[in-house]
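S.K.: Below you'll find the structure I mean.
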RNA sequence: GCGGAUGUGGCGGAAUGGCAGACGCAUCAGACUCAAAAUCUGACGGUGGCAACAUCGUGUGGGUUCGACUCCCACCAUCCGCACCA
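In our numbering, the protein residues as written are 13 to 814.
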């Protein structure tokens, strides 16, 4: 009697062996494949089964590539700076340094249970000075290139986290981290000029094998639009107001203008009798949060008392102020065409402003517009352009305006520059020194890193200053240029700084001369496969692309896209909700590993549902894969010594199994890979029972196929078959289509599309023979004239009768 | 409002133009057992029938096709993203 499956014994045995002899040895002779996970922030609450999923997917893929003969770069590290780590530390009264180290140790232990082939020699931690030295170095380089700049401006502010936020971190008006309502705060900020890369970030999306959803989210976020800037002369004054429009074809219908409340000309052009109302409106607008502004459905506004001339028809148009115009998009001022823009229509209706239709469907004017007509059409009431197609005018008029000196052709982006400073302790200090004589001076590269000082009080101040501002002995320094007393910049970098480039450092993590050597960068990068959640679509994934392009521009890298292929795994949900401590629906992997083993949990993580979709966790589901593993074990134990010659059925089944598993795996349809294994195991058990044994070739192929999924089991089965080297030294099995063919096939016979019988015929039967056999089989049902006979080779017969 | 995804048994899901419900969970019945657990075997969409079988059935309504879960049109529901971007 063969011994029964014992996951403790098998998994302990092989994890020890792999510890000493890693299966994924660095081998310069092999082609590389870089498979990367989005690295975790060590948050303290540990991993749940949802975190496991992504790591299992990437490990299966890595081991598959390994078996295909690649040297697989598969590293892991810690994104340990930033708010989550700091908030955890504050809550538990432990210094962030200590809390982070403890959490890393804890999560690392949990991650090792996944049994992924991570190369721990590459491990990095963003809070390690040897790492953040280079995070700071990139900032200094950006500063020198004019891409990092200081600006005082109203930025998004989270009153709970007590720090400024980037646009990307404000989701639906609330702080992405804690859910508090974001407000505006006027602060001196460090900004990164990501907008300088808008065009490349947009165009290069075409190069990427990424989910369309993510590409679309990025391209919408960048938000490119084509249009024109047009100058309106303010009547009786010197100033001109520049507007941006994507609808130059509607210029003749512009009957008023609106400036954003923050527009620099707003007060200047206001007449004395309107001054009080305008000042009041601007003040009230300044108090509104972005959510308030969003939620006010009703348009508000105030008249400045001034007018401007529409440059094409010389009409005088009133200039209004309203907060539906945003200061940071376009020019902060718009020309309003109420007949063809919903918002302008609403505003004009409310304040009784004239509405002039200039685009009409088929050139027929609608007598009384009840809503804006936003479709294309034929231009009317537009002087020399009457009769022109509006779509054509849209493209051609900007150039024409440019020739006539009333505007210019232009493009606009929704993307804003990146607010890069945080008023928090636990981040990379921004390596800048403020000198009264020399101004803003970057810390010399040889003086990096600027170490984050140890402090007692690291709680956020809420004043707009970082807690670092209170550390006098650290703040006070000397100017590297003139030697005079100077002060350090006290803001820190956002969480995203380290994660924007960490994937480069893994392959050269101990280099103290360079961020990464050119040689290693070219050898191991870019990343071939990146696995992670979709939540970073316009955050980390956009920032990383920006950093990579910058590093490419300054010659550090020879490539300009970091991640060639992206896979977004779905979330694991429990009781219909994302797992979270507060909901009390967290499933911990630790107990499951103890009870069922790593291999079973790995397999269930895949079997739970299609990997790209959210899946409901079923506590009982793991029993099914555990039973399956035991069935595989018994199949091998019962037959490993049978020494029988492969029957045609065994050969066919083996090749079909290889074919099915390989194809499903190539398509990353990992849940059906698992069900495929179950099907073929059931089939092989039947065959083995019938034939009193199973051939060695089939068992060997199956062990190798299983290796990426259940590595401990596969190694043990492989060694039970008498092999002395690791199963991971094997090659992924190949199939032969000729050997998969059936000699007999089942053909359903339909009458008028309904299956009435199934006939079994030789696979090489002719169409005629099959049709004859089919008609014989269903002769009793052929009660009418046969209109048509359809035979789809190898698939189906359909007889149409009347 | 705009954009995207999803919709199939009690449940997770499979099938991308060709036998709908693979595979698994749960359930029920049987075997083993003094008994239970574990394990094994079988049944398992609805309706009618002792049965073979018939009939309906993939969110709803239409359409294309010999044939539709699959393709097209319209709609409904749920989830996600964006949201006054001129």
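Don't be surprised by glycine CBs; every beta carbon is placed ideally from N, CA and C.
Would you report the Cα separation of residue 317 and residue 268, rounded to the nearest angstrom?
M.R.: The count along the first chain starts at 1 and reaches residue 317 at position 305. The count along the first chain starts at 1 and reaches residue 268 at position 256. Roughly 12 Å between the two C-alpha positions.
S.K.: Who does residue 739 pair with in a DSSP beta bridge?
M.R.: Numbered from its first residue, the first chain carries residue 739 at position 727. Residue 739 is bridged by DSSP to nothing; it lacks a bridge partner.
S.K.: Could you have a look at residue 795 and say whether DSSP puts it in helix, strand or coil?
M.R.: The count along the first chain starts at 1 and reaches residue 795 at position 783. If DSSP states are grouped into helix, strand and coil, residue 795 belongs with coil.
S.K.: Could you give the distance in angstroms between the alpha-carbon of residue 287 and the alpha-carbon of residue 279?
M.R.: On the first chain, position 275 is the one that residue 287 refers to. On the first chain, position 267 is the one that residue 279 refers to. C-alpha separation (whole angstroms): 7 Å.
S.K.: If we call anything under 7 Å between Cβ atoms a contact, is residue 111 one with residue 127?
M.R.: Your numbering for residue 111 matches position 99 in the first chain. Your numbering for residue 127 matches position 115 in the first chain. Not a contact, by the Cβ cut-off of 7 Å.
S.K.: Report yes or no: do the segment 187-197 and the segment 160-170 share at least 3 C-beta pairs separated by less than 8 Å?
M.R.: yes
S.K.: Run the CB neighbour count on residue 54, radius 10 Å, all protein chains shown included, and call it buried at 16 or more, exposed below.
M.R.: Start at 1 with the first residue of the first chain, and residue 54 comes out as number 42. The residue in question, residue 54, is buried, as its Cβ has 16 or more Cβ neighbours within 10 Å.
S.K.: To the nearest angstrom, how far is the alpha carbon of residue 688 from that of residue 428?
M.R.: The residue you call residue 688 lines up with position 676 of the first chain. The residue you call residue 428 lines up with position 416 of the first chain. Approximately 48 Å between the Cα atoms of the pair.
S.K.: Out of 237, 242, 576, state which residue places its alpha-carbon closest to the alpha-carbon of residue 419.
M.R.: For the purposes of this step, residue 419 is taken as the residue at position 407 of the first chain. Measuring from the Cα of residue 419, the nearest candidate turns out to be 242.
S.K.: Helix, strand or coil: how does DSSP classify residue 55 here?
M.R.: For the purposes of this step, residue 55 is taken as residue 43 along the first chain, with counting starting at 1. Coil, per DSSP.
S.K.: Based on Cα-Cα distance, which residue from 467, 117, 44 lies nearest to residue 58?
M.R.: By 1-based counting over the first chain, the position of residue 58 is 46. That would be 117, whose Cα lies nearest to the Cα of residue 58.
S.K.: When burial is assigned at 16 or more other CB atoms within 10 Å of the CB, is residue 15 buried or exposed?
M.R.: Along the first chain, read from residue 1 onward, the residue named residue 15 stands at position 3. By the neighbour-count rule (16 or more Cβ atoms within 10 Å), residue 15 is not buried but exposed.
S.K.: Under 7 Å between the Cβ atoms of residue 603 and residue 144?
M.R.: By one-based count along the first chain, residue 603 stands at place 591. By one-based count along the first chain, residue 144 stands at place 132. Taking 7 Å as the Cβ cut-off, residue 603 and residue 144 do not qualify as a contacting pair.
S.K.: In terms of residue numbering, what span does the alpha helix (DSSP H) encompassing residue 117 cover?
M.R.: As a first step, residue 117 must be located in the first chain, where it is residue number 105. Residue 117 -> alpha helix (DSSP H) spans 108-124.
S.K.: Can residue 85 and residue 536 be called in contact, C-beta distance under 7 Å?
M.R.: Reading the first chain from its first residue, position 73 is the one you call residue 85. Reading the first chain from its first residue, position 524 is the one you call residue 536. Yes. Within cutoff.
S.K.: When you compare each of 231, 222, 200, 367 to residue 207 by their alpha carbons, which one comes out closest?
M.R.: Counted from its first residue, the first chain places residue 207 at position 195. Of 231, 222, 200, 367, the residue nearest in Cα terms is 231.
S.K.: In angstroms, rounded to a whole number, what distance separates the CA positions of residue 254 and residue 321?
M.R.: Residue mapping note: residue 254 aligns to position 242 of the first chain, counting from 1. Residue mapping note: residue 321 aligns to position 309 of the first chain, counting from 1. When rounded, the separation of the alpha-carbon atoms in residue 254 and residue 321 is 12 Å.
S.K.: Please classify residue 710: is it buried, with 16 or more other beta-carbons within 10 angstroms of its beta-carbon, or exposed?
M.R.: Here residue 710 corresponds to residue number 698 of the first chain, with the count starting at 1. By the 10 Å Cβ count, residue 710 comes out buried.
S.K.: Which residues share a DSSP beta bridge with residue 446?
M.R.: Residue 446 sits at position 434 when you count from the first residue of the first chain. In DSSP, residue 446 forms a bridge with 452, 499.
S.K.: Any idea what DSSP makes of residue 762, helix, strand or coil?
M.R.: Indexing the first chain from 1 puts residue 762 at position 750. It is a strand residue.
S.K.: Which one or two residues does DSSP pair with residue 774 in a beta bridge?
M.R.: Here residue 774 is taken as the residue at index 762 of the first chain, counted from 1. Partner(s): 756.
S.K.: Could you have a look at residue 802 and say whether DSSP puts it in helix, strand or coil?
M.R.: Looking up residue 802 in the first chain gives position 790. Strand at residue 802.
S.K.: Between residue 551 and the rest of its own chain, which residues show a CB-CB distance below 6 Å, the 5 nearest in sequence each way excluded?
M.R.: Stepping through the first chain from its first residue, residue 551 is reached at position 539. Taken in chain order, the residues that qualify are 180.
S.K.: What first and last residue would you give for the beta strand (DSSP E) that runs through residue 82?
M.R.: Mapped onto the first chain, residue 82 falls at position 70. From DSSP, residue 82 is part of no beta strand (DSSP E); its letter is neither H nor E.
S.K.: With a 10 Å radius around its C-beta and 16 neighbouring C-beta atoms as the bar for buried, classify residue 848 as buried or exposed.
M.R.: Any answer about residue 848 is impossible in this case: the structure gives the chain only from 13 up to 814.
S.K.: Thinking C-alpha only, which one of 589, 120, 533 is nearest residue 571?
M.R.: Residue numbering aside, residue 571 sits at position 559 when the first chain is read from its first letter. Nearest option by C-alpha distance: 533.
S.K.: Go ahead and label residue 201 buried or exposed: buried means 16 or more other beta carbons lie within 10 angstroms of its beta carbon, across all protein chains shown.
M.R.: Indexing the first chain from 1 puts residue 201 at position 189. With 16 or more Cβ atoms within 10 Å of its Cβ, residue 201 is classed as buried.
S.K.: By DSSP, does residue 467 sit in helix, in strand, or in coil?
M.R.: Start at 1 with the first residue of the first chain, and residue 467 comes out as number 455. In the three-state reduction of the DSSP assignment, residue 467 falls in the coil class.
S.K.: Just checking my contact of residue 138 with residue 92 at CB under 8 Å: how many whole Å lie between their CB atoms?
M.R.: The sequence position of residue 138 within the first chain is 126, counting from 1. The sequence position of residue 92 within the first chain is 80, counting from 1. Going by Cβ atoms, the distance from residue 138 to residue 92 rounds to 6 Å, so yes, they are a contact pair.
S.K.: In chain order, which continuous runs of the alpha helix (DSSP H) of length 4 or greater are located wholly inside the segment 556-636?
M.R.: Fully enclosed alpha helix (DSSP H) runs of 4 or longer: 601-608, 610-619.
S.K.: Does the beta-carbon of residue 729 have 16 or more other beta-carbons within 10 angstroms, so that it is buried, or is it exposed?
M.R.: By one-based count along the first chain, residue 729 stands at place 717. That one is buried.
S.K.: Taking residue 779 as part of the alpha helix (DSSP H), name the residues at either end of that continuous run.
M.R.: Within the first chain, residue 779 is the residue found at index 767, counting from 1. From DSSP, the alpha helix (DSSP H) with residue 779 extends over 779-789.
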